[in-house]
Amino acid sequence: MSLSDSWDVLVLGLVLGSLYAVIAIGYTLVYGVLQLLNFAHSEVFMAGGFGGVIALTIVEPAVDPSGMQSAVYVLLGICAGAILGGTIAFGLEKAAYRPLRRRNAPRLVFLITAIGASFFLYNLAGKLFGRYPIAMPTMYENKTVFTVFGTRVSITQLIIVGAALVMLAAVDVIVNRTKLGSGIRAVAQDPEVASLMGVDIDKVVSRTFVLGGLLGGVAGFLFGTNLQVEYTMGFLPGITAFAAAVLGGIGNVRGAVLGGLLLGVVEAFTVEIWSDAWRYVGAFAVLVLVLMFRPTGLLGERVGRAA
Amino acid sequence: MPTCLGSFQGVYQVLNKSIVRLAIPVAAGALLLTACSDDGDGGGGGGDTYKIAYQGPLSGQNVALGENMENGVQLAIKEANESGEYDFTIEYKPADDQGAEGQSTSAAQSAIDDPDVMAVVGPAFSGPTFVAAPLYGQAGLAVVSASATNPTITEEGFPTFLRAVPNDNAQGSAMARFLASQDDVESVMVIDDVTPYGEGLADVAMEELEAAGLQAQRESVPADTVDYGSAARTVTSANVDALIYAGYYEALGPFATRLAEAGFEGIGISGDGSNDDEFINLAGGASEGWYLTCPCTDASAEEATQDFADRYQEEYGEAPGTYSAESYDVANMIIQTIAGLDGDVNRQAVYEALASGEYEGLTKTFSFTDTGEFENEGIFLYQVEEGVRGYVGNVDELVGG
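These protein sequence lines map, in sequence, to chains S and D.
So in our numbering the end of the first sequence lands on 1020, straight run, no missing numbers.
So in our numbering the end of the second sequence lands on 502, straight run, no missing numbers.
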């Protein structure tokens, strides 16, 4: 593999990896505050994709949009994805998980509820939107923006990585610098003490879900732009992003980012060196290897401490 | 319907513990669905009633292909019942396998368990056929697929399987011969989607390409891959003159888009799995110029099927799709066979009459070899031009022999 080939593959890997990173944060935040593996998060992601499709279908993008129009379409898609993702996550917490917390249900019940909610949501989406793939309406002509070391970077790739970077930075600030962030960290560290100190646990948990949902929804929209939108689209990226969260150390926001990027890049190089059929073999071999030597993940569980 | 609702409301008011509050509407809804939604019979005709089942994807990702065929079958049944020519009534029975192996067993079982079902049109796809054909064989139920084209199906010796379509050997070879006849094609990449259909088609195409003296490379890209950017890169960096994609339109859609962005300028050609207008919807401008082969004719473009196309249009408000006319033919072949049995109708008799008979359909003449293989071969070429799937013609004639 020549150097320019490596760059090509690295770009593909970083684009995919930054999507994984954004989804992985949703898993890791919820795990941080509730020790819950929210498998329905993949459906929050799927909802974001449909949010983008719905919004863009309503406005009907112009055939030959100007740069300004394109920017508006993309922003609209991002907002629609975020809103639908956030709403589903909020509703999910309210309807499915909060009643269980009230009753102090065992951990296993939460897990089964999460899996059930996931099945419920994606089948509902299949019923509502049809069980076939839908292309994201064209928002711009996806041409090459610039070339780095002979590697072409397209508008879509730029938008995905750009949006991901903004969101990752924002989450880092929210978790570490804001009142909500200290609430999240306090609940993650010790819910009982946090509530004694005047933290409203219900509110913090609900907002954590919404935060993860906003990110997941936007990721769904971006993923749909890069591929297509379908009721089953959440499954594979969801599982991979969950693996990324574990790889980085579940509960750790920066770990989720690191894990996501790493898995994306490993996938891209696996495909390049062997073939697309080996994609997950390579990626998950790395996952197993890392966990063998660092069972708590690359950065360990650290939401509780100032991560 | 209102009476059903009323009785439940009474119960609902009596019970009002928190669990019940949740459970009752759900149970009521389920009961309403089963008790109050009787579709009623189709009626028409007289005498005995026989059913023709169709097994294919009526939900799931490939529903567009499945519905094309379902419509063809239903139209044939409707016309037969309305014609008054037969002293029996035909009913339609759908068996949805979602185009997936996992759903194939239960779909097949639902058709087998209904004693009125005399023959099955389908399964639509090759993968589910491998699962369902042995079951149909055990039940002695004839299963006539108008679209499962994997060559090895007929090598398995399924007792009651008949293939009413040329297999992928014909299609793969037609693709290869067409590419070989193009002056500027010397190297070709063949990509399959890791399904029995795609792999079968790609195997044959590879053999034929090498036999034709072209450089051929093989890659596999699973249909559910999360990023076609990598696959597109593989194609462009291999610098090939042409690409054969052996898979379905739902995957070719995004793949073609990434290929166009990656700057692939060679010839793109795919098979009947991608020969659907949904491909153009998914890929948009990137579908431009793609060739698609199919053992199916274009019902609207061929004279013999023009009349059928008009009736289909009238019934469903859209032009016949891939395999609509073929499914219509197969359903009619079954109806005629049942009529020819003169009342002595059972599954075994229907199968034997189908397997040994010959039927002149709209699209082609149907007859089968001992293994249930289709006897004639004819592959047709389509090309996407200005957002429309245009009919190019018979590959044999295009290649010139």
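Every residue gets a Cβ at the ideal spot worked out from N, C-alpha and C, and that includes glycine.
- Is it the case that the Cβ atoms of residue 483(D) and residue 383(D) are separated by a distance below 8 Å? no
- Message: So if DSSP puts residue 774(S) in a beta bridge, which residue, or which two residues, is it bridged to?
- Response: Partner(s): none; residue 774(S) has no beta bridge.
- Item | Neighbour flag for residue 860(S) against chain D, beta carbons, 8 Å | no
- Task: Output, in sequence order along the chain, the residues in the stretch 939 to 953 of chain S whose CB is closer than 8 Å to any CB in chain D.
- Result: 939, 940, 941, 943, 945, 949, 950, 953
- residue 247(D) vs residue 455(D) beta-carbon contact at 8 Å: no
- Query: Run through DSSP, which three-state label would residue 971(S) get?
  - Reply: helix
- Query: Grouping DSSP H, G and I as helix and E and B as strand, with all else coil, what is residue 840(S)?
  - Reply: If DSSP states are grouped into helix, strand and coil, residue 840(S) belongs with the helices.
- Identify every residue that forms a DSSP beta bridge with residue 752(S). For residue 752(S), which the question treats as bridged, DSSP gives no partner whatsoever.
- Run through DSSP, which three-state label would residue 128(D) get? Residue confidence is low: residue 128(D) scores 47 on pLDDT, short of 50, so the model does not pin down where it sits. Its coordinate-derived value is still stated next. DSSP places residue 128(D) in helix when its eight states are reduced to three.
- Task: Give every residue of the same chain whose Cβ lies closer than 7 Å to the Cβ of residue 500(D), excluding the five residues on either side of it in the sequence, and list them in chain order.
- Result: Within the same chain, residue 500(D) has close Cβ partners 278, 279, 282.
- Query: Apart from the five residues on each side of it in sequence, which residues of its chain come closer than 6 Å, Cβ to Cβ, to residue 306(D)?
  - Reply: 273, 276, 277, 291, 345
- Is it buried or exposed for residue 1022(S), if we count other Cβ within 10 angstroms and need 16 for buried? Past the edges of chain S, shown from 714 to 1020, lies residue 1022(S), and the structure says nothing about it.
- Task: Quick one: measure Cβ to Cβ for residue 769(S) and residue 852(S), integer angstroms, because I've assumed they're closer than 8 Å.
- Result: So it is a contact: roughly 7 Å between Cβ atoms.
- Assuming residue 176(D) and residue 413(D) make a contact with CB atoms under 8 Å, what is their CB distance in whole Å? 6 Å
- Query: Between the stretch 984 to 1012 of chain S and chain D, which residues of the former have CB atoms less than 8 Å from a CB of the latter, in chain order?
  - Reply: 984, 985, 988, 989, 990, 992
- What do you reckon, are the CB atoms on residue 219(D) and residue 424(D) nearer than 8 Å? no
- Query: So is residue 373(D) in contact with chain S if we call contact Cβ pairs under 8 Å?
  - Reply: no
- Item | Beta carbon proximity, residue 489(D) to chain S, threshold 8 Å | no
- Message: Between 161(D), 401(D), 481(D), 261(D), which has its C-alpha nearest residue 943(S)'s C-alpha?
- Response: Ranking the options by Cα distance to residue 943(S), first place goes to 161(D).
- Message: Quick check: is the beta carbon of residue 974(S) nearer than 8 Å to any beta carbon in chain D?
- Response: Not an interface residue.
- Query: Hey, out of 793(S), 729(S), 748(S), 785(S), whose CA is closest to residue 927(S)'s CA?
  - Reply: 793(S)
- Decide if residue 815(S) is buried, meaning its Cβ has at least 16 other Cβ atoms within 10 Å, or exposed. exposed
- Item | Proximity to residue 323(D) [Cα-Cα], best of 916(S), 992(S), 957(S) | Considering only alpha carbons, the answer is 992(S).
- Do you know whose CA, among 464(D), 458(D), 462(D), 293(D), lies nearest residue 471(D)'s CA? Ranking 464(D), 458(D), 462(D), 293(D) by Cα distance to residue 471(D) puts 458(D) first.
- Which runs of the alpha helix (DSSP H) fall wholly inside the stretch 326 to 409 of chain D and span at least 4 residues, in chain order? Runs of the alpha helix (DSSP H) inside the stretch 326 to 409 of chain D: 329 to 339, 350 to 363, 378 to 384.
- Query: For residue 404(D), does the count of other Cβ atoms within 10 angstroms reach 16, so buried, or fall short, so exposed?
  - Reply: Classification of residue 404(D): exposed, given that the 10 Å Cβ count is below 16.
- Item | Per-residue burial, residue 264(D) [other beta carbons within 10 Å of its own, 16 or more giving buried] | buried
- So what's residue 460(D) in DSSP terms, helix, strand or just coil? strand
- If residue 735(S) sits next to residue 877(S), beta carbons under 8 Å apart, how far is it from one beta carbon to the other, in whole angstroms? 5 Å
- Query: Along chain D, which residues have their Cβ under 7 Å away from the Cβ of residue 777(S)?
  - Reply: Going along chain D, no residue has its Cβ under 7 Å from residue 777(S), so there is no contact; the nearest lies around 12 Å.
- Task: For the stretch 346 to 378 of chain D, enumerate the residues whose C-beta is nearer than 7 Å to any C-beta of chain A, in chain order.
- Result: The chain inventory of the structure shown lacks chain A, comprising the protein chains S and D.
- Quick one: grab the DSSP three-state call for residue 199(D). coil
- Item | Proximal residues, the stretch 308 to 330 of chain D versus chain S, C-beta separation under 8 Å | 320, 321, 322, 323, 325, 326, 327, 328, 329, 330
- Task: Look up residue 450(D) in the DSSP assignment and say whether it is helix, strand or coil.
- Result: helix
- Item | Secondary structure, beta strand (DSSP E): runs of 3+ residues fully inside the stretch 841 to 908 of chain S | 857 to 861, 864 to 867
- Message: Between which residues of its own chain and residue 945(S) is the CB-CB distance below 7 Å, once the five residues before and five after are set aside?
- Response: 835
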